[in-house]
Amino acid sequence: MTEEQKFIFDLKGYLLIPEVLKKTEIESLKEQIETIRTNPESLPIHERKFPGGIASILIDHPTIMNILNEIIGEVRMESSWFTYRNAEDKGPTPHGGGRNTNPNFSYQCHNGKIYSALTRVVFELNEVKRGDGGTLFMPGSHKSDFPMPEEHRCIESPLLETYDCPPGSAIIFTENLCHSGDKWTNTDYPRIAVFNCYNFVGCQFHKPSVPQVIIEHLSSEKKKFFRDVWTWNQGGANNGRNLYYDD
Ligand SMILES: O=C(O)CCC(=O)C(=O)O
């Protein structure tokens, strides 16, 4: 993670990384999504939901992990799903924002080090032009100390901003940032985006939702992202000096 990326993430609460995915990866992911939408029974059971099948390439994408390990530490994955939004389809309303004492929504920066907890990664599989209806963010709201005035907790708030990006780009944001879905307006193609959620290994916000059959079919490296929630392995690797890793 570059110093500029750290600066932007801390300042705004989100970071866009253009063209993380290769063309072939985007095509395979879109194909899996289309089959799940139209003919899920044609897929093996562990590929009918994300992050199973091809979607598992996104669990530990090296570019994303490089950043998550810097801003979270060791991570677990909480959930993975996709959205397929045609023109006029809407998203969730604004949520999040403001300092939070719940460890899941903790966001801190101390001595030049970011400590984010619940963190979302969005992969846009189609191009997003400004105004099309990508996710909306209220920059800085993850650190804001004042209650949010009601007139700003709506998608019309001028404090919300968005992005444009080529296909295969990723947007990483702390879930403590005020963010929102928006109506998709592009009539030429849908918004197809994958939403992956991560947390610090010692925290869990969502009730676990990734089916066991998906986890069982992952490589041992990827299975680690779905391990139980704990941080201290007494007597584990390195005589217990290694705080997070299992043997
Ligand atoms: O649909 C979107 O663009 C935003 C999704 C969202 O609000 C979330 O992931 O919490």
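Using the numbering used here, the letters of the sequence shown correspond one by one to residues 127 to 373. For each residue, glycine too, the CB sits at the ideal point set by N, CA and C.
Taking DSSP as the reference, what is the three-state secondary structure of residue 191?
By 1-based counting over the sequence shown, the position of residue 191 is 65. Residue 191: helix per DSSP, three-state reduction.
Which residues bound the beta strand (DSSP E) around residue 256?
As a working note, residue 256 is residue 130 in the sequence shown. Taken as a continuous stretch (DSSP letters only), residue 256 belongs to no beta strand (DSSP E), as it is neither H nor E.
Under 7 Å from any heavy atom of ligand 1, does the C-beta of residue 245 make it?
Within the sequence shown, numbered from 1, the residue matching residue 245 stands at position 119. Residue 245 Cβ: outside cutoff for every heavy atom of ligand 1.
Return yes when the C-beta of residue 242 is under 7 Å from any heavy atom of ligand 1, and no when it is not.
Stepping through the sequence shown from its first residue, residue 242 is reached at position 116. False, no ligand heavy atom lies under 7 Å from that Cβ.
Measuring only the C-alpha atoms, how far is residue 280 from residue 128?
Translated into positions along the sequence shown, residue 280 becomes position 154. Translated into positions along the sequence shown, residue 128 becomes position 2. The alpha-carbon atoms of residue 280 and residue 128 are separated by roughly 33 Å.
How do the stretch 198 to 216 and the stretch 300 to 320 stand: do at least 3 beta-carbon pairs fall below 8 Å, yes or no?
yes
Measuring CB atoms only, is the stretch 135 to 143 touching the stretch 292 to 305, in the sense that at least three cross pairs come out at less than 8 Å?
yes
For residue 258, which residues of its own chain have a beta-carbon under 8 Å away from its beta-carbon, when the five flanking residues on both sides are left out?
The count along the sequence shown starts at 1 and reaches residue 258 at position 132. Correct list, in chain order: 290, 310, 311, 312, 317.
How should residue 220 be labelled, buried or exposed, when 16 other C-beta atoms within 10 angstroms of its C-beta is the threshold for buried?
Counting from 1 along the sequence shown, the entry for residue 220 is found at position 94. With 16 or more Cβ atoms within 10 Å of its Cβ, residue 220 is classed as buried.
Below 8 Å, can you find three or more Cβ-Cβ pairs linking the stretch 164 to 174 to the stretch 334 to 346?
yes
Tell me whether residue 137 sits in a helix, a strand or coil according to DSSP, three-state version.
Here residue 137 refers to the residue found at position 11 of the sequence shown. Reduced to three states, the DSSP call for residue 137 is helix.
From 256, 164, 130, 294, pick the residue whose C-alpha is nearest to that of residue 148; which is it?
As a first step, residue 148 is located in the sequence shown; it is residue number 22 there, counting from the start. The residue with the shortest Cα to Cα distance from residue 148 is 294.
Starting from residue 164, follow the alpha helix (DSSP H) in both directions and report where the run begins and ends.
Mapped onto the sequence shown, residue 164 falls at position 38. Here the alpha helix (DSSP H) through residue 164 covers 149 to 164.
Quick check: does the Cβ of residue 321 come within less than 7 Å of any heavy atom belonging to ligand 1?
If you number the sequence shown from 1, residue 321 lands on position 195. Flag set: Cβ of residue 321 near ligand 1.
Three or more C-beta pairs closer than 8 Å, one from the stretch 154 to 164 and one from the stretch 196 to 206: is that the case here?
no
Bridge partners of residue 295, per DSSP?
Taking the sequence shown and counting its residues from 1, one reaches residue 295 at position 169. Paired residue(s): 250.
Cβ separation of residue 287 and residue 263, assumed to be a contact under 8 Å, to the nearest whole Å:
Residue mapping note: residue 287 aligns to position 161 of the sequence shown, counting from 1. Residue mapping note: residue 263 aligns to position 137 of the sequence shown, counting from 1. That belief holds up - the Cβ atoms of residue 287 and residue 263 are roughly 6 Å apart, short of 8 Å.
Do you know offhand how far residue 365's Cα is from residue 283's?
Walking along the sequence shown from the start, residue 365 turns up at place 239. Walking along the sequence shown from the start, residue 283 turns up at place 157. The predicted model places residue 365 with a pLDDT of 44, which falls under 50 and marks its position as unreliable; any figure quoted below should be read in that light. Approximately 53 Å, taken between the alpha carbons.
Should residue 252 go down as buried or exposed, given a rule of 16 or more other Cβ atoms within 10 Å for buried?
Sequence index remark: in the sequence shown, residue 252 carries index 126 (1-based). Classification of residue 252: buried, given that the 10 Å Cβ count is 16 or more.
Mapping the DSSP letters down to three states, classify residue 319 as helix, strand or coil.
Locating residue 319 in the sequence shown gives position 193, counting from the first residue. The answer is strand: DSSP assigns residue 319 an E or B state.
DSSP on residue 351, reduced to helix/strand/coil?
For this step, residue 351 is matched to residue 225 along the sequence shown. Three-state DSSP puts residue 351 in a helix.
Out of curiosity, what's the CA-to-CA distance linking residue 358 and residue 328?
Residue mapping note: residue 358 aligns to position 232 of the sequence shown, counting from 1. Residue mapping note: residue 328 aligns to position 202 of the sequence shown, counting from 1. Rounded to the nearest angstrom, the two C-alpha atoms are 9 Å apart.
Counting C-beta neighbours from all protein chains within 10 Å, is the total for residue 353 16 or more, i.e. buried, or is it exposed?
The sequence position of residue 353 within the sequence shown is 227, counting from 1. Exposed.
Quick check: what's the CA-CA separation for residue 285 versus residue 308?
Working through the sequence shown from its first residue, we reach residue 285 at position 159. Working through the sequence shown from its first residue, we reach residue 308 at position 182. Rounded to the nearest angstrom, the two C-alpha atoms are 14 Å apart.
If you reduce the DSSP assignment to three classes, tell me which class residue 146 lands in.
Position 20 of the sequence shown, counting from 1, holds the residue named residue 146. Residue state, collapsed to three classes: coil.
Would you kindly work out how many angstroms separate the C-alpha atoms of residue 182 and residue 196, rounded to a whole number?
Here residue 182 corresponds to residue number 56 of the sequence shown, with the count starting at 1. Here residue 196 corresponds to residue number 70 of the sequence shown, with the count starting at 1. In a straight line, the C-alpha of residue 182 is about 21 Å away from that of residue 196.
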